[in-house]
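In full-length UniProt numbering, the protein residues as written are 1 to 239.
Glycine included, every Cβ here is placed at the ideal spot set by N, Cα and C.
Remember, predicted model here, so these are calculated numbers, not experimental data.
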Ligand code: F6R
């Protein structure tokens, strides 16, 4: 694992952007695995700014998102599909037909998304990390070889995401469709971004802890090409 510790969120967002720009410039038809949440928002802003100012093009890029809530309409303001449109897709020239966000609630929906992913090969998978070490919505205890699946969200994750639902945990969906750890591990390269002190324990477990399903992100220790870009606060518990 390559670990880059940044002064603050702005620097982290710039460093992560440089990794994406390098890939998109050298391989204009690359396949990006994308994430939602607050961690990548600064990186997405940099991609939009660079597209507008320097013309970096995403017209041949394909994207596949990690996850989506179950039971929420695609066009609901809280859907991850809407999040991606608002925070990235509408600001760059990616072809909407080339963007993919999983959707559905059945084993068939999961198998269909996994099949889509098998047809392409993800060049870079972007990840955030949950306070409990989840990647995608792979919560503690998830087997490392699992593929796209339906997840029962933990209380911890629903609480963390209540900020997007009027701070009301009861409004947070109870399930999600998510790439599995096995799906994520197939990406050629992984780029994980994390900031803030509330991520420090998860970051430590991911990098320095045992490779154990208790911390889903610790599986990444077994991936050959992982870059972790974190701020000082998220790195504060590393030895
Ligand atoms: C998002 C995702 C989640 C988040 C994680 C961190 O698509 O799969 O694993 O990356 O929950 O979320 P933030 O960045 O909001 O702290």
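For this session: Examine the ligand F6R and report whether any of its heavy atoms sits within less than 7 Å of the Cβ of residue 130.
Result: For this step, residue 130 is matched to residue 130 along the chain shown. It does: the Cβ of residue 130 is within 7 Å (strictly closer) of some heavy atom of the ligand F6R.
Exercise. For the ligand F6R, any of its heavy atoms closer than 7 Å to the Cβ of residue 135?
Worked result: Residue mapping note: residue 135 aligns to position 135 of the chain shown, counting from 1. Indeed, a heavy atom of the ligand F6R lies less than 7 Å from the Cβ.
For this session: Determine which residues share a DSSP beta bridge with residue 125 and list them.
Result: Here residue 125 is taken as the residue at index 125 of the chain shown, counted from 1. Beta-bridge pairing links residue 125 to 33 and 190.
Exercise. What's the C-alpha gap between residue 43 and residue 170?
Worked result: Position 43 of the chain shown, counted from the first residue, corresponds to residue 43. Position 170 of the chain shown, counted from the first residue, corresponds to residue 170. Their Cα atoms are separated by approximately 30 Å.
For this session: Could you tell me the boundaries of the alpha helix (DSSP H) in which residue 51 lies?
Result: Against the chain shown, residue 51 aligns to sequence position 51. Unbroken alpha helix (DSSP H) run through residue 51: 41-54.
Problem set entry | 7 Å CB neighbourhood of residue 162 in its chain, flanking five on each side removed | Within the chain shown, residue 162 is the residue found at index 162, counting from 1. Excluding sequence neighbours, residue 162 sits near 168, 169 and 172.
For this session: May I ask whether a heavy atom of the ligand F6R can be found less than 7 Å away from the beta carbon of residue 39?
Result: Here residue 39 is taken as the residue at index 39 of the chain shown, counted from 1. Checking the Cβ of residue 39 against the ligand F6R gives yes.
Problem set entry | Alpha carbon of residue 227 to alpha carbon of residue 97, nearest angstrom | Residue 227 sits at position 227 when you count from the first residue of the chain shown. Residue 97 sits at position 97 when you count from the first residue of the chain shown. Rounded to whole angstroms, residue 227 to residue 97 spans 29 Å at the Cα level.
Exercise. Under three-state DSSP, which class holds residue 92?
Worked result: Residue 92 sits at position 92 when you count from the first residue of the chain shown. DSSP places residue 92 in coil when its eight states are reduced to three.
Exercise. What's the C-alpha gap between residue 194 and residue 55?
Worked result: Here residue 194 corresponds to residue number 194 of the chain shown, with the count starting at 1. Here residue 55 corresponds to residue number 55 of the chain shown, with the count starting at 1. Spanning the two alpha carbons is a distance of roughly 28 Å.
For this session: Please look up how many angstroms separate the CB atoms of residue 79 and residue 150, rounded, as I've assumed it's under 8 Å.
Result: Start at 1 with the first residue of the chain shown, and residue 79 comes out as number 79. Start at 1 with the first residue of the chain shown, and residue 150 comes out as number 150. Not quite, the Cβ-Cβ distance comes to about 16 Å (not below 8 Å), so this is no contact.
For this session: Inspect the beta-carbon positions of residue 64 and residue 33 and report whether they are closer than 8 Å.
Result: Locating residue 64 in the chain shown gives position 64, counting from the first residue. Locating residue 33 in the chain shown gives position 33, counting from the first residue. Yes, Cβ-Cβ distance for residue 64 and residue 33 is below 8 Å.
Exercise. Since residue 67 and residue 178 are thought to touch, with beta carbons under 8 Å apart, how far apart are those beta carbons, to the nearest angstrom?
Worked result: On the chain shown, position 67 is the one that residue 67 refers to. On the chain shown, position 178 is the one that residue 178 refers to. Yes, they are in contact, since the Cβ atoms of residue 67 and residue 178 sit about 4 Å apart, within 8 Å.
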